[in-house]
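In our numbering, the protein residues as written are 4 to 211.
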(Lines of atoms letter the chains of each structure in order from A and count residues from 1; the text may use other names and numbers.)
(Lines give C-alpha, C1' and ligand atoms only; values in the text may rest on other atoms or scores of the structure.)
Protein backbone atom coordinates (compact mmCIF):
# COMPACT_ATOMS: atom_id res chain seq x y z
CA UNK A 1 0.00 0.00 0.00
CA UNK A 2 1.47 3.31 -1.08
CA UNK A 3 2.12 6.00 1.53
CA UNK A 4 0.16 9.23 1.58
CA UNK A 5 1.91 12.53 0.95
CA UNK A 6 1.52 13.40 4.62
CA UNK A 7 3.18 10.14 5.67
CA UNK A 8 6.02 10.81 3.23
CA UNK A 9 6.40 14.33 4.64
CA UNK A 10 6.53 13.05 8.21
CA UNK A 11 9.13 10.42 7.32
CA UNK A 12 11.30 13.05 5.67
CA UNK A 13 11.06 15.34 8.70
CA UNK A 14 11.86 12.50 11.11
CA UNK A 15 14.88 11.36 9.10
CA UNK A 16 16.41 14.78 8.48
CA UNK A 17 15.33 16.99 11.33
CA UNK A 18 15.95 20.12 9.24
CA UNK A 19 14.06 20.53 5.96
CA UNK A 20 13.42 23.12 3.27
CA UNK A 21 10.87 23.48 0.45
CA UNK A 22 13.41 22.06 -1.99
CA UNK A 23 13.46 18.76 -0.05
CA UNK A 24 9.71 18.41 -0.47
CA UNK A 25 9.76 19.39 -4.14
CA UNK A 26 12.41 16.76 -4.91
CA UNK A 27 10.04 14.09 -3.59
CA UNK A 28 6.90 15.53 -5.21
CA UNK A 29 5.43 16.41 -1.81
CA UNK A 30 3.37 19.63 -1.88
CA UNK A 31 5.27 22.47 -0.17
CA UNK A 32 2.00 23.40 1.56
CA UNK A 33 2.65 20.48 3.90
CA UNK A 34 5.43 22.51 5.53
CA UNK A 35 2.94 25.09 6.76
CA UNK A 36 0.52 22.34 7.73
CA UNK A 37 3.16 20.58 9.86
CA UNK A 38 4.15 23.91 11.38
CA UNK A 39 0.54 24.62 12.36
CA UNK A 40 0.35 21.15 13.95
CA UNK A 41 3.42 21.91 16.08
CA UNK A 42 5.58 19.29 14.36
CA UNK A 43 7.86 21.81 12.63
CA UNK A 44 9.27 25.15 13.68
CA UNK A 45 10.22 27.79 11.11
CA UNK A 46 13.77 28.51 12.27
CA UNK A 47 14.75 30.69 9.31
CA UNK A 48 13.39 31.86 6.00
CA UNK A 49 12.84 28.65 4.03
CA UNK A 50 14.25 26.43 6.82
CA UNK A 51 12.11 24.29 9.13
CA UNK A 52 13.31 22.29 12.13
CA UNK A 53 11.53 19.36 13.76
CA UNK A 54 10.30 20.24 17.26
CA UNK A 55 11.40 16.78 18.43
CA UNK A 56 14.80 16.92 16.79
CA UNK A 57 17.89 17.17 18.96
CA UNK A 58 19.64 20.33 17.81
CA UNK A 59 23.44 20.23 17.90
CA UNK A 60 25.82 23.03 18.80
CA UNK A 61 26.52 23.35 15.06
CA UNK A 62 22.92 24.41 14.37
CA UNK A 63 23.84 27.88 13.07
CA UNK A 64 26.19 26.27 10.52
CA UNK A 65 23.46 23.82 9.59
CA UNK A 66 20.95 26.60 8.94
CA UNK A 67 23.36 28.54 6.73
CA UNK A 68 24.47 25.48 4.74
CA UNK A 69 20.86 24.44 4.28
CA UNK A 70 20.17 27.79 2.66
CA UNK A 71 23.45 27.95 0.71
CA UNK A 72 24.48 24.34 -0.07
CA UNK A 73 27.30 25.45 -2.37
CA UNK A 74 28.82 27.70 0.28
CA UNK A 75 31.76 26.74 2.49
CA UNK A 76 32.17 27.57 6.17
CA UNK A 77 35.48 29.45 6.44
CA UNK A 78 37.79 31.74 8.43
CA UNK A 79 36.62 32.46 12.02
CA UNK A 80 33.77 29.95 11.89
CA UNK A 81 36.10 27.28 10.51
CA UNK A 82 38.71 28.14 13.15
CA UNK A 83 36.09 27.58 15.84
CA UNK A 84 35.05 24.33 14.17
CA UNK A 85 38.66 23.06 14.23
CA UNK A 86 39.35 24.55 17.69
CA UNK A 87 42.16 26.72 16.39
CA UNK A 88 41.27 30.00 18.03
CA UNK A 89 40.26 31.64 21.29
CA UNK A 90 38.24 34.16 19.29
CA UNK A 91 34.46 33.99 19.18
CA UNK A 92 32.39 35.21 16.25
CA UNK A 93 28.69 36.00 16.43
CA UNK A 94 28.55 35.66 12.64
CA UNK A 95 28.82 32.60 10.43
CA UNK A 96 31.67 33.15 7.99
CA UNK A 97 30.76 31.71 4.61
CA UNK A 98 32.79 31.53 1.40
CA UNK A 99 30.95 31.71 -1.91
CA UNK A 100 32.19 31.95 -5.48
CA UNK A 101 32.93 35.40 -6.82
CA UNK A 102 30.06 35.43 -9.31
CA UNK A 103 27.56 33.61 -7.11
CA UNK A 104 24.23 35.23 -6.26
CA UNK A 105 24.34 36.91 -2.86
CA UNK A 106 22.11 34.84 -0.56
CA UNK A 107 19.47 36.50 1.62
CA UNK A 108 19.66 35.12 5.14
CA UNK A 109 17.90 36.88 8.01
CA UNK A 110 19.34 34.72 10.75
CA UNK A 111 21.94 33.76 11.82
CA UNK A 112 24.11 36.73 10.78
CA UNK A 113 26.43 35.82 7.92
CA UNK A 114 29.75 37.34 6.85
CA UNK A 115 30.30 36.54 3.19
CA UNK A 116 33.77 36.02 1.73
CA UNK A 117 34.22 35.82 -2.01
CA UNK A 118 36.71 33.32 -3.45
CA UNK A 119 37.39 31.97 -6.90
CA UNK A 120 38.93 28.99 -8.70
CA UNK A 121 41.01 26.52 -6.74
CA UNK A 122 41.20 28.92 -3.79
CA UNK A 123 37.48 28.21 -3.36
CA UNK A 124 37.39 24.49 -4.16
CA UNK A 125 40.61 23.22 -2.54
CA UNK A 126 40.73 21.93 1.00
CA UNK A 127 37.00 21.53 1.56
CA UNK A 128 35.70 18.86 3.95
CA UNK A 129 32.14 17.58 4.25
CA UNK A 130 30.58 16.83 7.63
CA UNK A 131 27.02 15.90 8.51
CA UNK A 132 25.07 17.47 11.35
CA UNK A 133 21.33 17.25 11.92
CA UNK A 134 21.00 15.41 8.62
CA UNK A 135 22.56 18.29 6.67
CA UNK A 136 25.91 18.29 4.86
CA UNK A 137 28.11 21.09 6.18
CA UNK A 138 31.05 22.02 3.95
CA UNK A 139 33.96 23.56 5.82
CA UNK A 140 37.55 24.40 4.93
CA UNK A 141 40.11 21.97 6.35
CA UNK A 142 42.28 23.07 9.26
CA UNK A 143 45.31 23.80 7.06
CA UNK A 144 43.27 25.62 4.41
CA UNK A 145 41.59 27.68 7.13
CA UNK A 146 44.94 28.82 8.52
CA UNK A 147 46.13 29.83 5.05
CA UNK A 148 42.85 31.64 4.36
CA UNK A 149 43.37 33.65 7.55
CA UNK A 150 46.65 34.97 6.14
CA UNK A 151 45.07 35.64 2.78
CA UNK A 152 42.22 37.55 4.43
CA UNK A 153 44.28 38.90 7.34
CA UNK A 154 42.85 42.39 6.80
CA UNK A 155 39.39 40.93 7.52
CA UNK A 156 40.16 38.69 10.49
CA UNK A 157 43.26 40.39 11.88
CA UNK A 158 46.94 39.49 11.77
CA UNK A 159 46.87 38.34 15.40
CA UNK A 160 44.10 35.84 14.62
CA UNK A 161 46.09 34.42 11.70
CA UNK A 162 49.22 34.05 13.84
CA UNK A 163 47.33 32.37 16.67
CA UNK A 164 45.73 29.95 14.21
CA UNK A 165 49.09 29.05 12.68
CA UNK A 166 50.70 28.47 16.07
CA UNK A 167 47.82 26.35 17.34
CA UNK A 168 47.63 24.35 14.11
CA UNK A 169 51.33 23.46 14.25
CA UNK A 170 51.21 22.62 17.94
CA UNK A 171 48.18 20.36 17.50
CA UNK A 172 49.74 18.47 14.62
CA UNK A 173 53.37 18.37 15.66
CA UNK A 174 53.22 14.76 16.80
CA UNK A 175 50.60 13.43 14.41
CA UNK A 176 51.49 10.91 11.74
CA UNK A 177 49.60 12.40 8.79
CA UNK A 178 49.73 11.73 5.07
CA UNK A 179 51.17 15.23 4.66
CA UNK A 180 53.25 16.87 7.36
CA UNK A 181 51.75 20.10 8.73
CA UNK A 182 54.24 22.28 6.84
CA UNK A 183 53.71 20.49 3.52
CA UNK A 184 49.96 20.91 3.75
CA UNK A 185 50.28 24.57 4.66
CA UNK A 186 52.69 25.19 1.78
CA UNK A 187 50.31 23.42 -0.59
CA UNK A 188 47.42 25.74 0.18
CA UNK A 189 49.65 28.79 0.58
CA UNK A 190 50.79 28.29 -3.00
CA UNK A 191 47.19 28.02 -4.22
CA UNK A 192 46.21 31.18 -2.32
CA UNK A 193 49.44 33.00 -3.22
CA UNK A 194 50.51 33.81 0.33
CA UNK A 195 53.72 31.75 0.53
CA UNK A 196 55.90 34.83 1.02
CA UNK A 197 53.47 36.27 3.55
CA UNK A 198 53.50 33.13 5.70
CA UNK A 199 57.20 32.26 5.41
CA UNK A 200 58.50 34.57 8.19
CA UNK A 201 55.83 33.37 10.60
CA UNK A 202 56.67 29.73 9.94
CA UNK A 203 60.30 30.56 10.67
CA UNK A 204 59.30 32.45 13.82
CA UNK A 205 57.61 29.33 15.14
CA UNK A 206 60.68 27.24 14.21
CA UNK A 207 58.74 24.76 12.12
CA UNK A 208 60.44 25.11 8.71
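Glycine residues also receive a C-beta, built at the ideal position from the N, C-alpha and C atoms.
The count of Cβ pairs closer than 8 angstroms, one atom from the region 75-91 and one from the region 145-157, reaches three, so the stretches are in contact.
Residue 153: member of the alpha helix (DSSP H) spanning 145-154, first to last residue.
165 is the residue among 134, 36, 165 whose C-alpha sits nearest the C-alpha of residue 146. Nearest neighbour of residue 97 by Cα position, chosen from 198, 65, 15, turns out to be 65. According to the DSSP assignment, residue 54 belongs to the beta strand (DSSP E) that extends over 53-56. In this structure, 137 is the residue among 73, 137, 175, 192 with its C-alpha nearest to the C-alpha of residue 16. Considering only 117, 104, 115, the residue with the shortest C-alpha distance to residue 127 is 104. Between the alpha carbons of residue 142 and residue 85 lies a gap of roughly 10 angstroms.
Only exposed fits residue 9, as fewer than 16 other CB atoms lie within 10 angstroms of its CB.
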